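S.K.: One gets my numbering by counting positions in the sequence shown from 1 and adding 701 to each.
From the three backbone atoms N, C-alpha and C, an ideal C-beta is built for every residue, glycine too.
All of these numbers come straight from a predicted model, not from anything done at the bench.
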Amino acid sequence: MTAECKFRVVPGKIIRLAFSDNSVTAIKSFVSNSLCSLEERMIAGNKLKIIGYDAGDNICTFPSELNVGCYLRRNSSTTSFSSTSSSLVMPRLVDADTNSGVLFAERTMDNLGFLFPLLQLQPDIGRGSDDLIDIQFCAYQTQSSQCIEEITSIKSLVKSFRFTSDQDKSEKAAQLNAAMQPLLDRVAAHKSKVASTLSNCTSLLTSMGNIMRRSPTGSLRPYVADPSRLTMQESERLINELQSQKSDMENCISQIRQAIKRPHYPPESAIAGKAVTGLVCNLGFVDDADTAYVMSWAAQSRIDAMVVPTKAVANQLYAENVKVWAEDLMSKFEIRHGHEAPRWDMI
702 MTAECKFRVV PGKIIRLAFS DNSVTAIKSF VSNSLCSLEE RMIAGNKLKI
752 IGYDAGDNIC TFPSELNVGC YLRRNSSTTS FSSTSSSLVM PRLVDADTNS
802 GVLFAERTMD NLGFLFPLLQ LQPDIGRGSD DLIDIQFCAY QTQSSQCIEE
852 ITSIKSLVKS FRFTSDQDKS EKAAQLNAAM QPLLDRVAAH KSKVASTLSN
902 CTSLLTSMGN IMRRSPTGSL RPYVADPSRL TMQESERLIN ELQSQKSDME
952 NCISQIRQAI KRPHYPPESA IAGKAVTGLV CNLGFVDDAD TAYVMSWAAQ
1002 SRIDAMVVPT KAVANQLYAE NVKVWAEDLM SKFEIRHGHE APRWDMI
């Protein structure tokens, strides 16, 4: 597809060349000599038509002895771009003249311009690293590769693009990959550490959950139930906390085991100021004092009943939700030596 401007043709001498649509975006900004992609090798995305203008800014017909061609050259201006690399090896246009490197266009039927084929670089020819190259459109004598701009002073048309070769891109990619590899290794190591930490955390949470289900009180210090949402710092903190709890339990000093042995006495507020004889627990009669002491110590958490002298005091404590026995309501029993004694004598 080409875009043509409609001008009135008047006699005149050609003084300059231009695109038919005066487009400043016809030439791409970046071009490569890629072996794989035709799109990367295209200098212009559509066929370009070159026309001539006279001094009055009117389109002129091209004399029969003139032709228009284009060729690549090193950029000669550094006004808008950085200078071209000294290591640049020039690429070549597809179908360009082997000796001169000029690609000639075909004259249109109305003699008002020249139409170029799709401009593209030959694959894998040339070497560059973001180097600036000019593509120059000039008037030539028919069947000649000598630009007649030098003879007739017809102003040529010059556009620029950046050129990067496949070889240079590959080398830069290799350099970037080499520079990135230590970072990739660190990321992989970090991911491995995170995965290991989360795995340990999950294992500890499972273990603690099993302990919690077996514990008499069914309570533990709070922990996060979903390890997948933990950050690295939270995971390490939680692991340390759970390991501490686990160590406490394994050494029989956890809060749960301490609570089991804590005496379960009635509240002092309930028994304050009342006549009480003492506490009672359900123990069997033993002869050995040391055995009785150990059994009493082990049964502290079961001692929750008070012994009082009278039924009246027992009723007062009962109203305070205290388990209570009254001495005057207890029955007598025969102990092993044949003496009668109140039941509380065996305490």
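Where do the ends of the alpha helix (DSSP H) carrying D991 lie?
M.R.: Run containing D991: A990 to A999, per the alpha helix (DSSP H) assignment.
S.K.: In angstroms, rounded to a whole number, what distance separates the CA positions of D989 and M933?
M.R.: Straight-line Cα distance between these residues: approximately 58 Å.
S.K.: Do three or more CB pairs link the region 854–864 to the region 833–844 at distances below 8 Å?
M.R.: Yes, since at least three Cβ pairs between the region 854–864 and the region 833–844 fall closer than 8 Å, the two stretches touch.
S.K.: Within 10 angstroms of its Cβ, does Q956 collect 16 or more other Cβ (buried), or is it exposed?
M.R.: In this prediction, Q956 has a pLDDT of 47, which is less than 50 and means its spatial position is unreliable; nothing more can be read from the coordinates.
S.K.: Using a Cβ distance threshold of 8 Å, determine whether the region 787–804 contacts the region 755–773, with at least three qualifying pairs required.
M.R.: Touching, per the Cβ criterion.
S.K.: To which residues does DSSP link G979 through a beta bridge?
M.R.: Its beta-bridge partners are V1008.
S.K.: Per DSSP, what kind of secondary structure is L1030 in: helix, strand or coil?
M.R.: Note: L1030 maps to helix in three-state DSSP.
S.K.: Which partner residues does L736 have in the DSSP bridge list?
M.R.: According to DSSP, L736 bridges with nothing at all.
S.K.: Can you tell me which of the three DSSP states I715 falls into?
M.R.: Of the three classes helix, strand and coil, the one that applies to I715 here is coil, per DSSP.
S.K.: My output table needs one value for V1023: the three-state DSSP class, helix, strand or coil.
M.R.: The answer is coil: DSSP assigns V1023 none of H, G, I, E or B.
S.K.: Is the beta carbon of S733 closer than 8 Å to that of D867?
M.R.: A contact, by the Cβ cut-off of 8 Å.
S.K.: Thinking just about the alpha-carbon of each residue, which of Q1017, A806, G827 and S801 is nearest to the one in G789?
M.R.: In the sequence on display, residue 789 carries Leu and not Gly. Per the Cα distances, G827.
S.K.: Among P818, I752 and F763, whose alpha-carbon lies nearest the alpha-carbon of M743?
M.R.: Measuring from the Cα of M743, the nearest candidate turns out to be P818.
S.K.: If I measure Cβ to Cβ from G974 and keep anything under 6 Å in the same chain, skipping five residues before and after, which residues do I get?
M.R.: Hits under 6 Å: none found.
S.K.: How many Å lie between A724 and I751 at the Cα?
M.R.: A quick correction: the sequence has Ser, not Ala, at residue 724. One C-alpha to the other measures close to 11 Å.
S.K.: Taking its Cβ as the centre, do 16 or more other Cβ atoms sit within 10 Å of A745, making it buried, or is it exposed?
M.R.: That one is buried.
S.K.: In chain order, what residues of the same chain lie with their CB nearer than 6 Å to the CB of I715, ignoring the 5 residues before and after it?
M.R.: Only G753, C761 and I855 meet the Cβ criterion.
S.K.: Shortest alpha-carbon distance to I972 belongs to which of R938, E942, V1014 and C902?
M.R.: The shortest C-alpha separation from I972 is found at V1014.
S.K.: Following the continuous beta strand (DSSP E) through S861, name the residue where it begins and the one where it ends.
M.R.: That run of the beta strand (DSSP E) goes L858 to T865.
S.K.: Does the distance between the C-beta of N901 and the nearest non-hydrogen atom of the ligand SAM fall short of 7 Å?
M.R.: The ligand SAM is not part of the structure shown, which contains no ligands of any sort.
S.K.: Could you please give me the residues that DSSP links to C902 through a beta bridge?
M.R.: The partner list for C902 (beta bridge, DSSP) is empty, contrary to what the question assumes.
S.K.: Looking at F862: is its Cβ nearer than 8 Å to the Cβ of I728?
M.R.: A contact, by the Cβ cut-off of 8 Å.
S.K.: Using a Cβ-Cβ cutoff of less than 7 Å, which residues in the same chain neighbour E1052 once the five nearest sequence positions on both sides are dropped?
M.R.: Because the chain spans 702 through 1048 in this model, residue 1052 falls outside it and cannot be assessed.
S.K.: Where does A879 sit, in a helix, a strand or coil, going by DSSP?
M.R.: Helix.
S.K.: Can you give the beta carbon distance from V1008 to T978, rounded, assuming they're within the 8 Å contact cut?
M.R.: 4 Å between Cβ atoms; contact.
S.K.: Anyone know if the C-beta pair for T865 and D811 falls short of 8 Å?
M.R.: Their beta carbons are not under 8 Å apart, which means T865 does not touch D811 by this criterion.
S.K.: Work out the CA separation of L906 and K947 for me, nearest whole Å.
M.R.: Cα-Cα distance, rounded: 10 Å.
S.K.: If distances are taken between C-alpha atoms only, which option among P1010, L1018 and A1020 comes closest to M1031?
M.R.: Closest by alpha carbon: P1010.
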